[in-house]
């Protein structure tokens, strides 16, 4: 038995521990088999993370396992889907047992948090990269898409923005900091919590939704285009975490929130009459703008004047790291 | 818009052309949405192909597109699943339009042949590799698995074996040959035809099945282990294509059939009373051995004596190229 066959068995035993409703057949045959309750659809999303492009080459394997699955699961949250299962295609230059054990622990930890079971995959030799495909289920016709925002809706986000971009100097080793605030930002970067419960709660309430991976303004552009509306973002209303505000000047923190990727918060449009119920259950939800007739994304500064969107001054790891 | 965003649009327009039953939402949102008829399960399989490991670095992109999808679709055939859709995660060192156009044409050609629609994926920068995830549907409880072979069953294959391994000297440029036989072998390697219709026809007839990717003997080992039986393979009964026999000495051709990978024929176990109906509809199906009580895979030579399984004398591209 080759070393890569051993890896397959390693993940297979990890998968058995997870179990899972909706899984008729897991790892070990030519295909996995999933079943859906009547009247439900399957939501599917695929993401690839490449070493040196989407994460540092010396990334801690436990954190990498956590983050890889969180990034993918966030797409299920964005559709309002209930998590079901995932496959992992792992390409590795060599089969180092200690690296794999740490990676599998991080992956399993996030899998438990997200209620996702590993049902299949492939392990190959080559430059380090990971492709995860996640599966969720959603009642037919009730998935949250990017189309559907209507003039008059509020533009909301699921919580503080900019932490992922704020963490990057720490992730890249450009800044050393052992403060609790730095630890908080690193945790937000390496173990973002996909807003799965919020996404499910927004079914039938939100008119459009997505998860913020490329930055609030860029991602709002997807809603604006798919819904044929204009989105107006009010800079003064953006929620910033205490840690981000503590570690950085306000202008930089604001730019992280507007243009930084890797937040994995939901952004969604909501009829105003739905807001009280949503905020009662999800107090971190904030209104950050509104939907109007027109097109594109527009930014209003604190004085209420339209201003030019900021650009972050450096290229970083993350979804923008094509 | 970055060059990789252009690639995404390029594949998105290719996907629209395909259309497809069972697809509620295709490319362009956070997830694709699939729906299944009542009483059916979803079959899922993921495969990665890495440049320089699973295919030559200078592989023709049209052929690579064809082969990548065929290899994955073959896993659906092995479960008896009806093809539905696939996702493509493509990692590329750069965005060369001519390469992408050829690759997309080859991929689309195989997608049409297999009735598979592209519903999503990811495009990232990095060392060339592809991860495809394929989706099929199968009536609940009727998928063909590797478990279920019973003593007394016949061991069958879906057609000639060894062509993939026989093509390798040509694929690797170790042998120059422009004969029709060489062309046939290259076609079998680069555009294997997943036996999707045969797989579906075997539902309710075959007791176990898989597709031959690692070589007949190695793959029979998976059936033997999952079914807790012994498989006896009779070398004299292996079907060899005229092209393979023309180009190579009989011993080498036979070794390709026994131990060579990349055939993507189905191997399955069948109660003897099912054979006439299967062969009437699928005349290329051949009995190559039988199932007995016991364990492991055993090889019988032409004289009926148990013989040692051969090993191919070189490492090659393909599923064995971990």
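Protein chains in written order, with the UniProt record's numbering: chain A, 1 to 322; chain B, 1 to 322. For glycine and all other residues, C-beta sits at the position ideal for the given N, C-alpha and C. Being a predicted model, the structure only gives us computed values, none of them experimental.
Residue i versus residue j: straight-line alpha-carbon distance, rounded
i: residue 150 of chain A; j: residue 165 of chain B; result: 58 Å
i: residue 17 of chain A; j: residue 230 of chain A; result: Unreliable placement is indicated for residue 17 of chain A, whose pLDDT of 45 sits below 50; no coordinate value is reported for it.
i: residue 309 of chain A; j: residue 107 of chain B; result: 39 Å
i: residue 90 of chain B; j: residue 125 of chain B; result: 8 Å
i: residue 298 of chain B; j: residue 152 of chain B; result: 15 Å
i: residue 228 of chain A; j: residue 29 of chain B; result: 15 Å
i: residue 79 of chain B; j: residue 199 of chain B; result: 7 Å
i: residue 98 of chain B; j: residue 56 of chain B; result: 18 Å
i: residue 271 of chain B; j: residue 129 of chain A; result: 44 Å
i: residue 218 of chain B; j: residue 259 of chain B; result: 7 Å
i: residue 279 of chain A; j: residue 252 of chain A; result: 28 Å
i: residue 193 of chain B; j: residue 238 of chain A; result: 54 Å
i: residue 158 of chain A; j: residue 254 of chain A; result: 17 Å
i: residue 67 of chain A; j: residue 250 of chain B; result: 53 Å
i: residue 155 of chain A; j: residue 224 of chain A; result: 11 Å
i: residue 32 of chain B; j: residue 167 of chain A; result: 31 Å
i: residue 236 of chain A; j: residue 301 of chain A; result: 7 Å
i: residue 175 of chain A; j: residue 184 of chain A; result: 15 Å
i: residue 45 of chain A; j: residue 120 of chain B; result: 7 Å
i: residue 100 of chain A; j: residue 11 of chain A; result: 9 Å
i: residue 49 of chain B; j: residue 69 of chain B; result: 10 Å
i: residue 25 of chain B; j: residue 103 of chain A; result: 33 Å
i: residue 190 of chain B; j: residue 116 of chain A; result: 35 Å
i: residue 281 of chain B; j: residue 74 of chain A; result: 47 Å
i: residue 58 of chain A; j: residue 169 of chain A; result: 15 Å
i: residue 207 of chain A; j: residue 245 of chain A; result: 31 Å
i: residue 209 of chain B; j: residue 292 of chain B; result: 16 Å
Buried or exposed (CB count within 10 angstroms, at least 16 for buried), residue i
i: residue 122 of chain A; result: buried
i: residue 76 of chain A; result: buried
i: residue 303 of chain B; result: exposed
i: residue 96 of chain B; result: exposed
i: residue 329 of chain B; result: Here chain B covers residues 1 to 322 and nothing more, so residue 329 of chain B does not appear.
i: residue 306 of chain B; result: exposed
i: residue 72 of chain B; result: buried
i: residue 51 of chain B; result: buried
i: residue 243 of chain B; result: buried
i: residue 180 of chain B; result: exposed
i: residue 213 of chain B; result: buried
i: residue 172 of chain A; result: exposed
i: residue 21 of chain B; result: exposed
Per-residue DSSP class, three states only, for residue i
i: residue 54 of chain A; result: coil
i: residue 222 of chain A; result: helix
i: residue 249 of chain A; result: coil
i: residue 295 of chain A; result: coil
i: residue 41 of chain B; result: strand
i: residue 286 of chain B; result: strand
i: residue 181 of chain B; result: helix
i: residue 237 of chain A; result: helix
i: residue 1 of chain A; result: With a pLDDT of 46 at residue 1 of chain A, under the threshold of 50, the predicted position of this residue should be treated as unreliable, and no value is reported.
i: residue 256 of chain A; result: helix
i: residue 114 of chain A; result: helix
i: residue 139 of chain A; result: strand
i: residue 159 of chain B; result: coil
i: residue 354 of chain A; result: The requested residue 354 of chain A is not part of the displayed model; chain A covers only 1 to 322.
i: residue 129 of chain B; result: strand
i: residue 109 of chain B; result: helix
i: residue 98 of chain A; result: helix
Beta-carbon neighbours of residue i, restricted to chain B and to distances below 9 Å
i: residue 35 of chain A; result: 36, 40, 41, 42, 140
Within chain B, partners of residue i - CB distance below 7 Å
i: residue 24 of chain A; result: 41
Proximal chain A residues relative to residue i, where beta-carbon distance stays under 7 Å
i: residue 30 of chain B; result: 45, 75, 78, 79, 210, 211
i: residue 89 of chain B; result: 46, 48, 131
Cβ of residue i within 8 Å of any chain C Cβ
i: residue 246 of chain B; result: Judged by its chain identifiers, the structure shown contains no chain C, and its protein chains are A and B.
Residue i CB to nearest heavy atom of the ligand HEM below 7 Å
i: residue 279 of chain B; result: Annotation note on the ligand HEM: not contained in the displayed structure, which lists no ligands.
Discussion item. To be precise: take each residue of the region 40–60 of chain A, compare its Cβ to all Cβ atoms of chain B, and keep it if any distance is under 9 Å. Which residues remain?
Written reply: The residues in question are 40, 41, 42, 43, 44, 45, 46, 47, 48, 49, 50, 51, 52, 53, 54.
Item to complete: Output, in sequence order along the chain, the residues in the region 143–154 of chain B whose CB is closer than 9 Å to any CB in chain A.
Response: Using a CB distance below 9 Å, the part of the region 143–154 of chain B facing chain A consists of 143, 144, 145, 146, 147, ordered along the chain.
Worksheet item: When you check each C-beta in the region 104–130 of chain B against every C-beta of chain A, which residues fall closer than 8 Å?
Response: Correct list: 119, 120, 121, 122, 123, 124, 125, 126, 127, 129.
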